[in-house]
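A.B. asks: The numbering of the sequence shown is the numbering used here, which starts it at 24 and goes up by one.
We treat Cβ as the ideally placed atom computed from N, Cα and C, and that holds for glycine.
Treat the numbers as computed from the prediction; the structure is a model and nothing was measured.
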Amino acid sequence: MSTEIVTCPFCEATCGLEVRLDGPKIISVRGDDEDVFSRGYICPKGASFKALHEDPDRLRTPLIKRNGVFETATWDEAFAEIDRRLPAVRDAYGKNAVAVYVGNPGAHNLATLLYGRVLYESLGTRSIFTASTVDQLPKHFSSGYLFGDPLTIPIPDLDRTDYLLLLGANPMVSNGSLMTAPDVKGRLKAIRARGGRIVVVDPRRTATVDAADEHLAIRPGTDALLLAAMAQTLFADDLVVLGHLEDHVQGLDELRDLLAPFTPDAVAPIVGIDAAEIRRITHDVAAAKSAAVYGRIGTTTQAFGTVTSWLVDVVNVLTGNLDREGGAMFPLGAAGQANTEKGRRRGFTHGRWHSRVRDLPEVMGELPVAAMAEEITTPGEGQIRALITVGGNPCLSTPNSAKLDEALDQLDFMISMDVYLNETSRHADVILLGPLPLERSHFDLVFYQLSVRNVANWTPPAVECDLLQEWETILRLVGVILGQGPNADLAPLDEFVAADVAKRGGLTLADAGDRVGPARLIDLMLQAGPYDITLADLEAAPHGIDFGPLKPRIPDVLATPSGKIELTPAAITSDIPRLLAELSRDADQLLLVGRRQLRSNNSWMHNLAPLVSGSNRCTAHVHPDDAKRLGLSDGADALVTSRVGAVTLPVEITDTVRPGVVSIPHGWGHGQTGTRNDVAAAHAGVNSNILTDELFLDVLSGTAVLNGIPIEMAPA
Ligand SMILES: Nc1nc2c(c(=O)[nH]1)N[C@H]1C(S)=C(S)[C@@H](COP(=O)(O)OP(=O)(O)OC[C@H]3O[C@@H](n4cnc5c(=O)[nH]c(N)nc54)[C@H](O)[C@@H]3O)O[C@H]1N2
Ligand SMILES: Nc1nc2c(c(=O)[nH]1)N[C@H]1C(S)=C(S)[C@@H](COP(=O)(O)OP(=O)(O)OC[C@H]3O[C@@H](n4cnc5c(=O)[nH]c(N)nc54)[C@H](O)[C@@H]3O)O[C@H]1N2
Ligand code: SF4
Ligand SMILES: [Mo]
């Protein structure tokens with residue numbers, strides 16, 4: 024018997040877990056009471072490690088599709104097949120003909136985080152897509168222009184704030200996002216216990232609303248108007264107090280003029296919140312000793328995702344709450360945070376190239392995944408002919424996924440790096456499986472940069488595993504792409520990656536001793552980081568190291584060309600005319616929004632029996648007034664139709680959604696032919712992304728609109 028301490032990589036909360044093992048067999052998993060950050064917290068997904076590891080459907084060997092049927096293969100056979108087929112596509116059709124899609128688990132996996140870039144660079148392709156364009160890209164965009172770096176993102180100082188205004192976030196269920204905060208439940212409770220206030224803006228009465236003081240049931244897609252009216256009110260009522268930011272802000276007068284038309288009275292009928300309420304909330308935020316305005320996926324995956332993300336921080340700035348205790352602050356990650364590097368690049372740009380078919384701008388080197396299907400199906404120079412998916416399930420998670428599902432069949436060659444044969448990987452010609460979390464090392468490189476406290480924690484592999492590690496898989500792919508054949512020597516490739524990391528940190532390879540792989544890279548990044556620690560220090564502290572609460576970082580953190588917070592970047596304010604036009608929009612249209620669920624993890628944990636037991640969760644929430652008007656009855660099937668598709672699913676009549684809004688969770692729609700996930704198939708549900716529209720985007724960032732989709736609904 025042994026006990027291992029690990030960090031859970033399933034969501035952004037970075038909980039410490041205590042895993043009891045009997046040899047390779049998991050006996051139990053519980054929260055690690057001594058974790059410096061999570062203090063014993065665990066959720067149902069973290070508790071499902073055992074079910075995941077023992078899942079009979081989990082892939083155990085690579086698979087190669089021959090004559091339409093998957094056959095088990097050795098690693099050598101799989102790479103020989105890749106060597107035979109992948110370079111041929113590039114040689115025949117050019118570099119952009121090979122595309123990559125990286126999904127959400129990639130943000131929690133050192134293989135993709137540290138070695139993904141060599142894969143892209145070796146391919147030399149511009150056809151790079153990730154789940155960011157169905158998620159948080161607008162926040163990177165707005166932060167890039169406001170503060171000079173897309174990963175310089177202000178995080179609510181949850182543990183000290185006196186007033187938290189949440190828009191489009193449900194951390195009681197999601198456990199927090201762009202806000203690393205294990206036991207967010209306890210942290211929210213503490214705000215109220217110390218006399219603070221929580222206000223939630225959401226078209227649904229969520230679990231977070233239940234934990235809050237106030238709820239504003241906004242009409243979907245109108246947060247930008249609400250925030251613009253709040254900012255306008257701050258100016259009009261003379262509430263702008265920059266305080267410590269006074270010398271670090273540019274564009275205040277222009278901002279006042281731009282936002283002048285967005286009065287509470289002008290926006291109220293569209294937003295669905297009284298003008299007097301908007302004024303009162305604004306005055307409350309301004310009067311609070313400290314306040315943090317925070318927007319999450321309900322504000323990014325909507326028609327004005329970037330403008331909304333920008334206005335969230337505009338309000339934080341105008342009330343003097345940016346970069347101060349209890350406000351919205353900049354974390355200082357222990358490793359790999361670009362804004363701690365000396366002599367870093369000044370400024371952020373996007374649109375350095377554009378997608379071929381729809382001319383959509385690149386942002387952070389990637390193109391909108393909403394455009395991936397058309398790039399596969401539209402003939403011409405640069406047409407995508409091969410695809411590598413890395414820990415992603417775009418056939419369930421991206422807009423108009425039926426179209427993508429069809430498009431994938433047209434590819435000449437497809438590789439999926441995945442742990443399941445599911446809705447996406449069933450299209451692949453070769454599936455390269457990866458080890459599961461307990462079988463690999465882990466360090467939450469990204470999420471410690473977005474954390475409500477500065478902490479760091481290293482996880483060594485807890486369980487032995489004879490699978491190729493995913494960083495090795497990626498390097499082996501790189502070997503194939505570079506023409507070194509299917510059995511390239513990985514050591515020099517790994518050393519090449521490490522030498523680059525060492526150089527950026529002003530170090531040499533020798534500084535990491537004889538370590539290799541992700542451990543070497545993290546060791547180098549820690550040594551180059553702000554806390555003067557090495558990986559050995561973290562190895563000696565299995566419950567993590569706490570570097571304390573967030574500290575003010577302005578002006579050093581700013582990397583804009585002016586060195587100031589640039590409040591009115593043209594790249595963002597160019598969308599104001601479109602926002603003005605919203606003031607005359609149709610406020611009666613029935614709109615679809617999503618709904619995350621505690622026992623789901625996007626699309627991929629529905630194959631674990633403990634997480635899908637109980638009644639069907641894939642239902643359409645409809646307000647009683649709408650149900651009556653549309654002739655829908657509770658429990659009966661309804662047909663939901665959008666511009667691009669239709670699904671039939673059971674109705675759940677509930678006043679937790681505001682009138683005019685229907686909510687369907689995403690990530691369902693299992694049981695398709697050729698998949699191997701029996702439990703999920705028995706709880707199939709429907710895919711809400713059959714309804715979302717690949718042409719409906721946040722115009723600036725190309726992020727898909729997944730909330731606020733116009734739909735029709737009728738009894739089935
Ligand atoms: N309508 C609607 N759509 C949405 C959303 C929404 O709110 N509404 N949310 C969006 C958001 S925020 C996101 S992040 C995306 C997610 O979009 P995706 O990342 O495309 O989807 P996931 O369901 O997270 O799929 C993860 C895949 O990775 C595999 N996997 C899990 N662990 C590993 C691993 O360690 N290695 C490898 N190689 N594979 C692994 C799983 O089997 C699964 O196939 O969905 C988006 N789609
Ligand atoms: N249990 C669980 N946890 C997860 C995930 C999961 O699938 N399951 N996924 C993880 C991932 S990948 C992510 S990105 C995070 C996301 O973390 P959150 O952003 O906290 O996730 P959601 O629960 O989807 O919350 C979004 C809320 O926005 C609301 N909303 C919809 N449209 C609008 C609108 O127009 N305006 C406003 N103001 N609100 C709107 C929705 O009703 C919903 O309550 O969660 C992560 N954590
Ligand atoms: S909250 Fe997130 S990190 Fe914590 S146990 Fe659950 S899935 Fe894991
Ligand atoms: Mo996400």
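#1: Verify the contact flag: Asn127, CB atom, against every heavy atom of ligand 2, threshold strictly below 7 Å.
#2: Are there 16 or more other CB atoms within 10 angstroms of the CB of Asp611, so buried, or fewer, so exposed?
#3: Output needed for Leu530: all residues of its chain with C-beta closer than 7 Å, excluding positions within five of it in sequence on either side, in chain order.
#4: So within the segment 490-557, which uninterrupted alpha helix (DSSP H) runs reach at least 4 residues, ignoring any that extend past its ends?
#5: Starting from Phe570, trace the beta strand (DSSP E) both ways and give me its first and last residue.
#6: Unbroken alpha helix (DSSP H) runs of length 4 or more, entirely within the segment 107-188: which are they?
#7: Is Asn132 near ligand 1, going by C-beta to nearest heavy atom under 7 Å?
#8: Let me know the secondary structure DSSP gives Gln273 once reduced to three states.
#9: Just curious, the alpha helix (DSSP H) that Asp233 is in, first and last residue?
#10: Specify the secondary structure class of Lys651 as computed by DSSP and reduced to three states.
#11: Cβ-heavy atom distance between Ser155 and ligand 2 below 7 Å?
#12: Hey, how far is the Cα of Phe353 from the Cα of Thr583?
#13: Per DSSP, what kind of secondary structure is Gly457 in: helix, strand or coil?
#14: Taking its Cβ as the centre, do 16 or more other Cβ atoms sit within 10 Å of Trp376, making it buried, or is it exposed?
#15: Apart from the five residues just before and just after Arg666, which ones in its own chain have a Cβ nearer than 6 Å to its Cβ?
#16: Distance check for Ala111 and Arg622, CA to CA, integer angstroms please.
#17: Please name the residue in Asn480, Pro515, Val486 whose C-alpha comes closest to that of Ala559.
#18: Say yes only if the C-beta of Asp158 is nearer than 7 Å to one or more non-hydrogen atoms of ligand 4, and no if none qualify.
#19: Within 7 Å: the Cβ of His689 and any heavy atom of ligand 1?
#20: Could you tell me whether the Cβ atoms of Ala361 and Arg369 are closer together than 8 Å?
#21: Specify, as a first and last residue, the run of the alpha helix (DSSP H) that Lys426 falls within.
#22: Reducing DSSP to helix, strand and coil, say where Leu281 ends up.
#23: Which whole-angstrom value is the C-beta distance of Pro173 and Phe371, which I expect to be below 8 Å?
#24: Over the uninterrupted alpha helix (DSSP H) stretch that includes Ser51, give me the two end residues.
#25: From the DSSP output, in three-state form, read off His267 for me.
#26: Tell me the DSSP bridge mates of Tyr317?
#27: In the DSSP assignment, find the unbroken beta strand (DSSP E) run with Pro738 in it and report its ends.
#28: Helix, strand or coil: how does DSSP classify Asp660 here?
#29: So is the beta-carbon of Ile320 under 7 Å away from any non-hydrogen atom of ligand 1?
#30: Under 8 Å between the Cβ atoms of Pro161 and Thr26?
C.D. replies: Result, derived from the coordinates:
#1: Against the sequence shown, residue 127 aligns to sequence position 104. Yes, ligand 2 has a heavy atom inside 7 Å of this Cβ.
#2: One-based indexing of the sequence shown puts residue 611 at position 588. With fewer than 16 other Cβ atoms from the protein chains shown falling within 10 Å of its own Cβ, Asp611 counts as exposed.
#3: Here residue 530 is taken as the residue at index 507 of the sequence shown, counted from 1. Residues Leu547, Gln550, Ala551 of the same chain have their beta carbon placed closer than 7 Å to that of Leu530, with the five preceding and five following residues left out of the count.
#4: Complete alpha helix (DSSP H) runs here, min 4: 493-504, 513-527, 540-551.
#5: Working through the sequence shown from its first residue, we reach residue 570 at position 547. That run of the beta strand (DSSP E) goes 568-572.
#6: Taking only runs of at least 4 residues, the alpha helix (DSSP H) segments lying wholly in the segment 107-188 are 133-146, 160-170.
#7: As a first step, residue 132 must be located in the sequence shown, where it is residue number 109. Within the cutoff, so yes.
#8: One-based indexing of the sequence shown puts residue 273 at position 250. The three-state secondary structure of Gln273, taken from DSSP, is strand.
#9: Start at 1 with the first residue of the sequence shown, and residue 233 comes out as number 210. 230-233 is the span of the alpha helix (DSSP H), which, as asked, contains Asp233.
#10: Walking along the sequence shown from the start, residue 651 turns up at place 628. Correct three-state label for Lys651: helix.
#11: Taking the sequence shown and counting its residues from 1, one reaches residue 155 at position 132. Relative to ligand 2, the beta carbon of Ser155 is positioned no closer than 7 Å to any heavy atom.
#12: Mapped onto the sequence shown, residue 353 falls at position 330. Mapped onto the sequence shown, residue 583 falls at position 560. Phe353 and Thr583: Cα-Cα distance of roughly 15 Å.
#13: On the sequence shown, position 434 is the one that residue 457 refers to. Note: Gly457 maps to coil in three-state DSSP.
#14: One-based indexing of the sequence shown puts residue 376 at position 353. That one is exposed.
#15: As a first step, residue 666 is located in the sequence shown; it is residue number 643 there, counting from the start. So the qualifying residues of the chain are Asp716.
#16: One-based indexing of the sequence shown puts residue 622 at position 599. One-based indexing of the sequence shown puts residue 111 at position 88. Going by the C-alpha atoms only, they are around 43 Å apart.
#17: The residue given as residue 559 occupies position 536 in the sequence shown. Closest by alpha carbon: Asn480.
#18: By one-based count along the sequence shown, residue 158 stands at place 135. With a cutoff of 7 Å, Asp158 counts as near ligand 4, since its C-beta is closer than that to a heavy atom of the ligand.
#19: Along the sequence shown, one-based indexing puts residue 689 at 666. Checking the 7 Å criterion, the Cβ of His689 is within range of a heavy atom belonging to ligand 1.
#20: Numbered from 1 along the sequence shown, position 338 holds the residue referred to as residue 361. Numbered from 1 along the sequence shown, position 346 holds the residue referred to as residue 369. Not a contact, by the Cβ cut-off of 8 Å.
#21: On the sequence shown, position 403 is the one that residue 426 refers to. Looking at the DSSP string, the run of the alpha helix (DSSP H) that includes Lys426 is 424-431.
#22: As a first step, residue 281 must be located in the sequence shown, where it is residue number 258. In this structure, Leu281 counts as helix in the three-state DSSP scheme.
#23: Numbered from its first residue, the sequence shown carries residue 173 at position 150. Numbered from its first residue, the sequence shown carries residue 371 at position 348. About 6 Å; that satisfies the 8 Å criterion.
#24: Here the question's residue 51 lines up with position 28 in the sequence shown. Membership of Ser51 in any alpha helix (DSSP H) is not indicated; the residue belongs instead to the beta strand (DSSP E) covering 48-54.
#25: Within the sequence shown, residue 267 is the residue found at index 244, counting from 1. Correct three-state label for His267: helix.
#26: By 1-based counting over the sequence shown, the position of residue 317 is 294. In DSSP, Tyr317 forms a bridge with Leu189.
#27: Start at 1 with the first residue of the sequence shown, and residue 738 comes out as number 715. Note, Pro738: beta strand (DSSP E), 735-738.
#28: Sequence index remark: in the sequence shown, residue 660 carries index 637 (1-based). Three-state result, Asp660: strand.
#29: Residue mapping note: residue 320 aligns to position 297 of the sequence shown, counting from 1. Yes; taking the cut-off as 7 Å, the Cβ of Ile320 has a heavy atom of ligand 1 nearer than that.
#30: Against the sequence shown, residue 161 aligns to sequence position 138. Against the sequence shown, residue 26 aligns to sequence position 3. Result no, Cβ atoms of Pro161 and Thr26 do not sit closer than 8 Å.
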